[in-house]
Amino acid sequence: MIYALKIATRYLTASKAQTGLLVLGVAVGVFIFIFMSALIGGLAEFILSRTVGDISHVTITAEDPDPAILITPQGHVLTVTERGRTRTATLAEAATFIPLIEAVPGVIAVSPQITGAGFLTRGAQVAQVGVTGVEPGRESAILNLDGYMIEGSARLGSGLMVLGQSLADDLSLRLGQTLRLQSSGGVSAVLTLSGIFDTGNGQLDSSSIYVALPTARTLFALPQGVTRIEIKLADLNAADATALRIRALTGLDAVPWTDGAAQLMEALDAQAQTGYFLKTFALITIVIGVASALLLSTYRRRPEIGIMRAMGAGRGFVIFVFVTQGALIGLMGGLMGAALGYLALLPFPSRDAFEVGTLPMDITQGSYGLAITLTVIGAILASILPARAAARVDPVTAIGQ
Amino acid sequence: MSALLKVTDVVKTFGTGEAATRVLRGLSLTLEAGEMAALLGPSGSGKSTLLTILGTLMKPTSGTQVMLGQDLVAAEDRALTTFRNLHIGFVFQFHNLLPDFTALENVVFPTAVREGRETATARARGRELLTRMGLGARIDFPSTNLSGGQKQRVAVARALMNRPELVLADEPTGNLDRESAMQVMDLIAEINRDEGTTFLISTHDEKIARLCRRQIVVGDGLVTG
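Next up, the structure:
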């Protein structure tokens, strides 16, 4: 109804100050909505990047085979055959699966690894360490070792190792030093310290050593296969679905990072719920504001509505005029609020550059389209009550006012 | 002349029980096509109520109302709205123009609301009517910038926009000075004569009533003369 749209527009432009204030009120509501979306989204992003950004998003670990047991018909265990505990469970067919896993959509890095425990000896000093053997060239596939290096290089080669700063401090190590690393199986290797990293993760920095995969094979007596495959995804929220896909594809026990992060997920969920509440309140404020303003307008324009009805305007036409006003107010307020929100978020660092001490606002999570859509819908709903009231105006009494 | 409108035994009661007030008490009236009639009577005699019923803005409590062969008492609200738009024009005492619209926009409203937009044809008709009313230079003026007499002439033009068979005017000159009142009445008489539009004009003014060919006197809810 072009004519109803014209009348609605005329009514809005006739009271510019009132309409301006109303649109501004809606815009503030939308601004809060967008600001909260960006803050909650950015905060979640920040927390996730700090907690799980450097860990494997999907991990495949070799399962320890159950010990063979000989049981009598009466149920008595006669014999338990347990293989040597120094022998780690392996993913013997890892090499076959890696190209398959790499081809799964969303997978950005795959790192086959051999992990185990060991002892690092420097003179009389001995430190218990966790040893991770990674393929040369894939040192930073999961943990961004390159980015955390404070001395030397993350590049691993034969006879080289990198370790954390705390461990280096504990043993008073410096680059180029030669140390003896003994695996839990008793195999020793003499390695040169080629790099020191500082991840900010206390446990990692004080007890982790990275060596090249061939070195780890020697240390843990694994001539083939690996003990785990770590997989990094473009979207860590897609870990559950991707793990299922890899499991279906390879038959291996792919575990998403979310399996061991129930508390973190609950905290993020609670945070998201808080955001929903705040955004809902912002929308309710918009709806109440629009409804009250239009109700006032309906009352003020009763004589005009009466005239329109007398001149042949149907109830539907009157309803359309007022609902259109609501929709226009919602649209203008939504667009203005979205623009204000975007401009207000521009000075904040991007999601890739969040820093401790600043608000982790993510401009990409402002939910601009959603905010505008919900505002228009809310404003339309808010205008229905005033519109119905307008349509019920009795022309006889209204004209007599 | 043929009967344009006929109401028979029309009763209108407001309120219920002891508070009930019977304003029209079985009033009957026939208006012929092309008539120009004055509706006279003291305040409270039921003139305005009768005009409101004839204008389909209110239904009688009982009685029959037929216009152009249509039973308007039985008609639904939507049908009455359309009927009113096509066949009845209104002129009110206080002009009742839409304040946020120009003179032309006010005049074309009855057509635009039916067609869903302001067509070029409707605007041409609106301009023609306003020019005829002597407002050719005020066509695009905001209605709030017009004088009382000019506003009432815009209201007459608006009432004629859809070429209705009947125009109901409730004290159309009651708020105007003598000169403006006579200008408006001259226009009404001219249109009645040239286009055959039927006018029923409610008035207290004997001079205005004498300009009409027929005088209908209402008293105590009945046509008394």
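First to last, the sequence lines map onto chains A and B.
Counting from 240, one number per residue, gives the positions in the first sequence under the working numbering.
Counting from 339, one number per residue, gives the positions in the second sequence under the working numbering.
Glycine included, every Cβ here is placed at the ideal spot set by N, Cα and C.
Report back the beta-carbon spacing between Val345/B and Ser366/B to the nearest angstrom; my notes put them in contact at under 8 Å. For the purposes of this step, residue 345/B is taken as residue 7 along the second sequence, with counting starting at 1. For the purposes of this step, residue 366/B is taken as residue 28 along the second sequence, with counting starting at 1. With a Cβ gap of about 6 Å, Val345/B and Ser366/B count as contacting.
Closer than 7 Å by beta-carbon distance: list the chain A residues that pair up with Met396/B, in chain order. In the second sequence, the residue the question calls residue 396/B occupies position 58. Those are Val635, listed as they occur along chain A.
Establish whether the CB of Phe520/A and some CB of chain B are separated by less than 8 Å. If you number the first sequence from 1, residue 520/A lands on position 281. With 8 Å as the cut-off, Phe520/A does not count as an interface residue toward chain B.
Can you tell me which of Leu483/A, Thr371/A and Leu359/A puts its alpha carbon nearest to the alpha carbon of Val343/A? Residue 343/A sits at position 104 when you count from the first residue of the first sequence. Cα-wise, what sits closest to Val343/A is Leu483/A.
Could you check how far apart the C-beta atoms of Leu395/A and Ala451/A are, in whole angstroms? I think they sit under 8 Å. Along the first sequence, one-based indexing puts residue 395/A at 156. Along the first sequence, one-based indexing puts residue 451/A at 212. At roughly 4 Å, the Cβ-Cβ gap stays under 8 Å, so Leu395/A and Ala451/A are in contact.
Distance between Leu461/A and Thr325/A (C-alpha atoms, nearest Å): Within the first sequence, the letter at position 86 stands for residue 325/A. Within the first sequence, the letter at position 222 stands for residue 461/A. Low per-residue confidence applies at Thr325/A: pLDDT is 45, beneath 50, and the placement is therefore not dependable enough to give any value.
Assuming the contact rule is C-beta atoms closer than 8 Å, Ala366/A and Ser423/A should be a hit. Round their C-beta distance to whole Å, please. Taking the first residue of the first sequence as 1, we reach residue 366/A at position 127. Taking the first residue of the first sequence as 1, we reach residue 423/A at position 184. So it is not a contact: roughly 14 Å between Cβ atoms.
Which residues in chain C sit within 7 Å of Leu436/B, going by Cβ to Cβ distance? Reference to chain C is not applicable here, since the protein chains of this structure are A and B.
Buried or exposed: Ser397/A, going by 16 or more other Cβ atoms within 10 Å of its Cβ? Here the question's residue 397/A lines up with position 158 in the first sequence. Counting Cβ neighbours within 10 Å, Ser397/A comes out exposed, since fewer than 16 surround it.
For Gly557/B, write down the residues that DSSP places opposite it in a beta bridge. Stepping through the second sequence from its first residue, residue 557/B is reached at position 219. Leu560/B.
Which stretch, first to last residue, makes up the beta strand (DSSP E) that contains Lys471/A? On the first sequence, position 232 is the one that residue 471/A refers to. It spans Arg467 to Leu472 - the beta strand (DSSP E) in which Lys471/A sits, taken as one unbroken run.
Tyr242/A touches chain B at which residues, Cβ-Cβ below 8 Å? Within the first sequence, residue 242/A is the residue found at index 3, counting from 1. Result: Ala450, Val451, Glu453, Gly454, Arg455 and Glu456.
Proximity to Leu260/A [Cα-Cα], best of Leu491/A, Leu382/A, Ala532/A and Pro375/A: Translated into the one-based positions of the first sequence, residue 260/A becomes position 21. For Leu260/A, the nearest C-alpha among the options comes from Ala532/A.
May I ask you to verify whether the stretch 615-628 of chain A touches the stretch 506-517 of chain B, counting CB pairs closer than 8 Å and requiring at least 3? no
Would you say Tyr538/A lies against chain B (beta-carbon separation less than 8 Å)? In the first sequence, residue 538/A corresponds to position 299, counting from 1. Tyr538/A does not count as touching chain B.
Contacts that Phe556/A makes with chain B (C-beta to C-beta distance below 7 Å): Position 317 of the first sequence, counted from the start, is the residue given in the question as residue 556/A. Under the 7 Å cutoff, chain B gives Val451.
On the DSSP bridge list, what partners appear for Ala356/A? Counting from one through the first sequence, the residue named residue 356/A turns up at place 117. Ala356/A pairs with Gly369/A.
Phe328/B by DSSP, collapsed to three states: which one? Lying outside 339 to 563, the shown extent of chain B, residue 328/B is not represented and no answer is given.
Outcome for Gln604/A when other beta-carbon atoms lying within 10 angstroms are tallied against a minimum of 16: Working through the first sequence from its first residue, we reach residue 604/A at position 365. Gln604/A is buried by the Cβ-count criterion.
Going by beta-carbon coordinates alone, are Thr457/A and Ala428/A separated by less than 8 Å? Reading the first sequence from its first residue, position 218 is the one you call residue 457/A. Reading the first sequence from its first residue, position 189 is the one you call residue 428/A. Their beta carbons are under 8 Å apart, which means Thr457/A touches Ala428/A by this criterion.
Have a look at Gly379/B and Phe520/A and give me their C-alpha separation to the nearest angstrom. Taking the second sequence and counting its residues from 1, the one referred to as residue 379/B is at position 41. Taking the first sequence and counting its residues from 1, the one referred to as residue 520/A is at position 281. Roughly 60 Å between the two C-alpha positions.
So what's Ala629/A in DSSP terms, helix, strand or just coil? Position 390 of the first sequence holds residue 629/A. Helix.
Would the beta-carbon of Met388/A fall within 8 Å of that of Gly439/A? As a first step, residue 388/A must be located in the first sequence, where it is residue number 149. As a first step, residue 439/A must be located in the first sequence, where it is residue number 200. Not a contact, by the Cβ cut-off of 8 Å.
Any chance the stretch 421-435 of chain B sits against the stretch 480-499 of chain B, with 3 or more Cβ pairs inside 8 Å? yes
Euclidean distance between Cα positions of Thr537/A and Ile546/B: Locating residue 537/A in the first sequence gives position 298, counting from the first residue. Locating residue 546/B in the second sequence gives position 208, counting from the first residue. Taking the straight line from one Cα to the other gives about 37 Å.
Could you pull the start and end residues of the beta strand (DSSP E) that Arg360/B belongs to? Your numbering for residue 360/B matches position 22 in the second sequence. That run of the beta strand (DSSP E) goes Thr359 to Glu370.
Span separating the alpha-carbon of Thr258/A from that of Pro586/A: For this step, residue 258/A is matched to residue 19 along the first sequence. For this step, residue 586/A is matched to residue 347 along the first sequence. Distance between the alpha carbons of Thr258/A and Pro586/A is about 30 Å.
Just the chain A side, please: which residues come within less than 8 Å of Thr359/B by C-beta, in chain order? If you number the second sequence from 1, residue 359/B lands on position 21. Chain A residues near Thr359/B: none, gap ~15 Å exceeds 8 Å.
Can you give me the Cβ contacts of Leu467/B inside the same chain, cut-off strictly under 7 Å, excluding the 5 residues immediately before and after it? Residue mapping note: residue 467/B aligns to position 129 of the second sequence, counting from 1. Hits under 7 Å: Val445, Ala495, Leu498 and Met499.
For Phe272/A, does the count of other Cβ atoms within 10 angstroms reach 16, so buried, or fall short, so exposed? Translated into positions along the first sequence, residue 272/A becomes position 33. Buried, because 16 or more other Cβ atoms sit within 10 Å of the Cβ of Phe272/A.
Phe587/A (DSSP reduced to helix, strand or coil): Taking the first sequence and counting its residues from 1, the one referred to as residue 587/A is at position 348. In the structure shown, Phe587/A sits in coil (DSSP, three-state: anything other than H, G, I, E or B).
If I measure Cβ to Cβ from Leu410/B and keep anything under 6 Å in the same chain, skipping five residues before and after, which residues do I get? Counting from 1 along the second sequence, the entry for residue 410/B is found at position 72. Excluding sequence neighbours, Leu410/B sits near Thr394 and Gln403.
Beta carbon proximity, Arg416/B to chain A, threshold 8 Å: On the second sequence, position 78 is the one that residue 416/B refers to. Interface residue, yes.
Find out if the Cβ-Cβ distance for the pair Ile619/A, Gly565/A is shorter than 8 Å. Within the first sequence, the letter at position 380 stands for residue 619/A. Within the first sequence, the letter at position 326 stands for residue 565/A. A contact, by the Cβ cut-off of 8 Å.
Using the C-alpha atoms, what's the distance from Val262/A back to Thr571/B? There is no way to answer for residue 571/B, as the model of chain B reaches only from 339 to 563.
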